[in-house]
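With positions in the sequence shown counted from 1, the corresponding number in this note's numbering is that position plus 2.
Just so you know, even glycine gets a beta-carbon here, dropped at the ideal spot from N, CA and C.
What you are looking at is a predicted structure, and each value in this text was computed from that prediction instead of being measured.
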Amino acid sequence: MGRHTNEGEDAFPRAPTQEEWEAMGPEERARVVESLPGEVTWDEMAMPEGDRHFQAKVRTLDVLRGYFRHQRRKVYLGAELPVYYPGERRFAPDLLAVLEVEQHARDKWVVSHEGRGLDWVMEVHVGGDRKKDAEYNVERYARVGIPEYFIYDRSRQRLEVYRLPEPGAKQYERVDAKQGRYTSEVLGLEFEVVGEELQLWAGNALLLESAELVVRLQEKLEAVQRRADEEARRLAEETQRREEEARRREEEARRREEVERRLAQLQAELDRLQHRGK
Numbered sequence: 003m004g005r006h007t008n009e010g011e012d013a014f015p016r017a018p019t020q021e022e023w024e025a026m027g028p029e030e031r032a033r034v035v036e037s038l039p040g041e042v043t044w045d046e047m048a049m050p051e052g053d054r055h056f057q058a059k060v061r062t063l064d065v066l067r068g069y070f071r072h073q074r075r076k077v078y079l080g081a082e083l084p085v086y087y088p089g090e091r092r093f094a095p096d097l098l099a100v101l102e103v104e105q106h107a108r109d110k111w112v113v114s115h116e117g118r119g120l121d122w123v124m125e126v127h128v129g130g131d132r133k134k135d136a137e138y139n140v141e142r143y144a145r146v147g148i149p150e151y152f153i154y155d156r157s158r159q160r161l162e163v164y165r166l167p168e169p170g171a172k173q174y175e176r177v178d179a180k181q182g183r184y185t186s187e188v189l190g191l192e193f194e195v196v197g198e199e200l201q202l203w204a205g206n207a208l209l210l211e212s213a214e215l216v217v218r219l220q221e222k223l224e225a226v227q228r229r230a231d232e233e234a235r236r237l238a239e240e241t242q243r244r245e246e247e248a249r250r251r252e253e254e255a256r257r258r259e260e261v262e263r264r265l266a267q268l269q270a271e272l273d274r275l276q277h278r279g280k
């Protein structure tokens, strides 16, 4: 079962150590996974930080999901999902990504059960004490082996990015921006703070969230409709012009026939008069 103790931070549920996990049979492992809670307590979470925290998290998650869905890559993306590393106190990062795994819905991520840990984590900081995100998590996420850790500080509108220098390393190196952008080697994307927004780039392409894509598609649809309406109007005008031209030619042909008929009558009358005068 998940270990429970009685005081301090050790009072919170933890997954078994890897040694304990490996000593279990399949049924016991299943019972352990089932027993680990799929939520965290208020004592373990930062205080709620309002719309700016929520919107930044949800928008980034939406952009990432849309991008990887378009790429048809298997990437599991989660938000505030309880994560259990062997023998470690559980945590629930604002955003997380694990590459090349099944994308079914989860209530928690148990590393021993899933067979792998997280590949990328982002915390969104708005107010209050920065120590949890900027100090404690920097140490903890490096210790458990998460390759990349991003901190989006909305109060200061800046990013802090950390990366393990090599597999097996237990201490992060700070990543510097290049022309204002921070590269995620894990996700293959670039991140940039522009004004009040965190923007994501795939090469030179700015990634958009679903609502923005809907607006862009609507604008494109309206532009196509305007072009179609203009083409229909042009074709109608061309058809009308051709019809008027055809009517004009028919009228000219009728008048010519009438003139020719009248000339024939006059010629016949002239011939008749000349014949009488002989």
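- Under the DSSP assignment, Gly52 falls in the alpha helix (DSSP H) whose first and last residues are 52-73.
- Glu137 and Gly190 have their alpha carbons spaced roughly 26 Å apart.
- Taking the CA atoms as reference points, Arg183 sits about 26 Å from Ala94.
- According to the DSSP assignment, Ser37 belongs to no beta strand (DSSP E) but to the alpha helix (DSSP H) extending over 28-37.
- Residue pairing of Arg244 in beta bridges, as defined by DSSP: absent, with no partner found.
- According to DSSP, residue pairing for Arg160 in a beta bridge involves Asp155.
- For Ser186, the beta-bridge partners assigned by DSSP are Leu191.
- The Cβ atoms of Val100 and Leu120 lie closer than 9 Å to each other.
- Annotated three-state conformation of His127 is strand, per DSSP.
- Between the alpha carbons of Pro169 and Arg31 lies a gap of roughly 27 Å.
- Val77 sits buried, since 16 or more C-beta atoms from the chains shown fall within 10 Å of its C-beta.
- Ile148 is a Cβ neighbour of Leu166, given a cutoff of 9 Å.
- Pairing Pro88 with Trp111 gives a Cβ-Cβ distance that is not under 9 Å.
- The beta carbons of Val60 and Ala81 sit closer together than 9 Å.
- A direct Cα-Cα distance of roughly 16 Å separates Gly52 from Thr62.
- Distance from the CA of Glu252 to the CA of Ala207, rounded to the nearest whole angstrom, comes to 59 Å.
- Taking 9 Å as the cut-off, the beta carbon of Ala25 is found no closer than this to the beta carbon of Val113.
- Bounds of any alpha helix (DSSP H) do not take in Glu137, whose DSSP letter is neither H nor E.
- Residue state for Val100 is assigned as strand, using DSSP reduced to three classes.
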